[in-house]
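Residue numbers (our numbering), protein chains in the order written: chain U, 3 to 231; chain X, 1207 to 1617.
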């Protein structure tokens, strides 16, 4: 069953006086539990696809349906609710809230969802333990390494029980060993919790981990490869 | 503490130097306002009390039309009857009768037109500070008859001293000529030049005989313990006097008796209010700049929060909460420090020796005591709070309107 359905998405930007066609009609279906990499060189449109699927950017034309919700029918407020409950984000630069500790960053999403304080604490600690951050609950982002921050970001993304997790070049700022360990962890979550992961990347290691690679070039899908199991 | 409050508090302290500078600007504005408003109120009170206590009194009861026409025949015929009403009002501290006549007063060498006032020496000492302002000679005693007190400038103009004789020539209540010879018993200096130049005070009994008053007086002057009691006294007097059918008398308070002083205070207040507003506006603009910088630095963070599902209204509240914490802390600090400084000066006074000539015009000494009150402690800081919060609304609205993807892309 398709968890993400994008149909003929087009997007253009104006950069100064130049019109840039970021997406020229991208259509893609992603099923529940897939581990997909959107690959391609810089400027190919992979981050734009992720942003549009995540509902933080609007396509000029085409439609996006995530877990049965058609974005074109939704208000900004409804989109915010959808992002909160159905979509998890992992950014290249981790983007944790700097004034909150690791535990509070993870709890914050549940706070927005209305989860009780006791439940939040229990769940946040359990998930931080799962990503290998036992005992580092009260550390602020500035007191964690890049790899540890990205693990907190993954914990934050997964704690809300989302339908999909969108990860924009999650390993770009990490050394290969840390990146590999992070991908192992994501793969484990994908396998054990059946969470759908969609990456944007040009890192070969990520592509090796992916079960499916959607290659983009100049705003169009060049090829869509599903690896053999 | 809720997570949002915790975040707001921590965000404030992300840049301690900037926060301390902003807090200092807010606190400084509040301190200035607390002190300046207290100083103004203190100087007004001194001005009013000086004028009131030297001669005017807080309240005067006069015959209807006397204030406008100053006609000798507009009198209170039975002052004792009104005095009984006055005595029943607890808030009236003291009262005394007065009668006035414009006359020509001449010494051996010179003559001047003056206001001769008949006073009850004992009663007058309760309502006026003249008895304490005698610079030469003595104050009038209860048994005195043809003795007078004159102002320092009048004594100089007439070239008279203690025990010199003066001739008073005026018109009695019945239209006949009032003439008498009196002796200077005391010379006073009130600090109000006009008053010191044109006032002669004689015992009321002597005035009564000299001007053929038949026991009538022109006014009953009352004083209160505090300016705040004046309105109540006026209301009670009016009610009681109309009950007793004393329709031909009017009750005037110090604001009606000293309109120039009231206008002076109003003008001073208005110009000060403009100055204060500009001061607060300057502070508000510098704070707006700080808030905008803080928001600009965190645009990406706000974008990420929006992407995670935080609703724009929640971000708006978070930003406003931060501004409110900052403003409130600054204002509270300003009020506390401002009150402490003002209180110290309220106790010790501020010596304005350089401005003593101007202050003398209002009958004030060279030392001004700021008057700390709820109004002076809170009015200015409240203005700072309101304008600063208004300044904080702009960046908060900017945050509310952020588009997640654009915000995330920002540096």
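Ideal Cβ placement from N, Cα and C applies to all residues, glycine included.
| Query | Result |
| --- | --- |
| Distance between beta carbons of residue 1497 (chain X) and residue 1598 (chain X), contact taken as under 8 Å | 5 Å |
| Chain U within 8 Å of residue 1507 (chain X), Cβ atoms only | yes |
| Residues bridged to residue 63 (chain U) (per DSSP) | U:12 |
| Span of the beta strand (DSSP E) around residue 1355 (chain X) | 1353-1357 |
| Residue 94 (chain U) to residue 183 (chain U) span [Cα, whole Å] | 16 Å |
| Presumed contact (8 Å Cβ cut-off) between residue 84 (chain U) and residue 57 (chain U), rounded CB distance | 6 Å |
| Cβ separation of residue 239 (chain U) and residue 216 (chain U), assumed to be a contact under 8 Å, to the nearest whole Å | There is simply no residue 239 (chain U) to check, as chain U begins at 3 and stops at 231 in what is shown. |
| Length at least 3, wholly inside the stretch 181-224 of chain U: the beta strand (DSSP E) runs in chain order | 198-203, 214-219 |
| Cα-Cα separation between residue 1467 (chain X) and residue 1481 (chain X), rounded to whole angstroms | 21 Å |
| Residues bridged to residue 38 (chain U) [DSSP beta-bridge criterion] | U:200, U:214 |
| Within-8 Å CB hit, residue 1526 (chain X) to chain U | no |
| Residue from X:1426, X:1305, X:1282 with nearest C-alpha to residue 1413 (chain X) | X:1305 |
| Between the CA atoms of residue 1424 (chain X) and residue 1268 (chain X) - distance to the nearest angstrom | 6 Å |
| Every unbroken beta strand (DSSP E) inside the stretch 1233-1269 of chain X [3 residues or more] | 1265-1269 |
| Against chain X: residues of the stretch 98-112 of chain U by CB proximity under 8 Å | 99, 100, 101, 102, 106, 109, 110, 111 |
| Cβ of residue 83 (chain U) within 8 Å of any chain X Cβ | yes |
| Proximal chain X residues relative to residue 10 (chain U), where beta-carbon distance stays under 8 Å | The contacting residues do not exist; residue 10 (chain U) stays about 20 Å from chain X at best. |
| Euclidean distance between Cα positions of residue 1245 (chain X) and residue 1284 (chain X) | 44 Å |
| Per-residue contacts from residue 1604 (chain X) into chain U (C-beta, under 7 Å) | Correct list: empty, because the minimum Cβ distance to chain U is about 16 Å. |
| For residue 97 (chain U), the three-state DSSP class (helix, strand or coil) | coil |
| Buried or exposed (CB count within 10 angstroms, at least 16 for buried), residue 1384 (chain X) | buried |
| Members of the stretch 184-204 of chain U that neighbour chain X once the beta carbon cut-off is set at 7 Å | none |
| Any beta strand (DSSP E) of 3 or more consecutive residues that is wholly inside the stretch 1280-1333 of chain X | 1298-1312, 1317-1325 |
| Chain X contacts from the stretch 51-66 of chain U (Cβ-Cβ distance under 8 Å) | 53, 56, 58, 59 |
| Chain-ordered neighbours of residue 79 (chain U) on chain X, where CB pairs are closer than 7 Å | 1517 |
| Residues of the stretch 1527-1549 of chain X whose Cβ lies closer than 9 Å to any Cβ of chain U, in chain order | none |
| Continuous beta strand (DSSP E) assignments of at least 3 residues falling wholly in the stretch 1431-1473 of chain X | 1455-1459 |
| Residues of its chain near residue 1600 (chain X), where Cβ-Cβ distance is below 7 Å and the 5 sequence neighbours each way are ignored | 1494 |
| According to DSSP, residues forming a beta bridge with residue 72 (chain U) | U:67 |
| Any C-beta of chain X under 8 Å from that of residue 25 (chain U) | no |
| Identity of the residues DSSP links to residue 1387 (chain X) by a beta bridge | X:1373 |
| Buried or exposed by the 16-neighbour rule on C-beta atoms within 10 Å, applied to residue 1554 (chain X) | exposed |
| Cβ of residue 1610 (chain X) within 8 Å of any chain U Cβ | yes |
| Chain X contact residues for residue 114 (chain U), given Cβ-Cβ distances below 7 Å | 1515, 1516 |
| Cut-off 8 Å between Cβ atoms - residues of its own chain near residue 1584 (chain X), not counting five sequence neighbours on either side | 1541 |
| Inter-stretch contact (C-beta, 8 Å, three-pair minimum) for the stretch 1406-1420 of chain X and the stretch 1343-1359 of chain X | yes |
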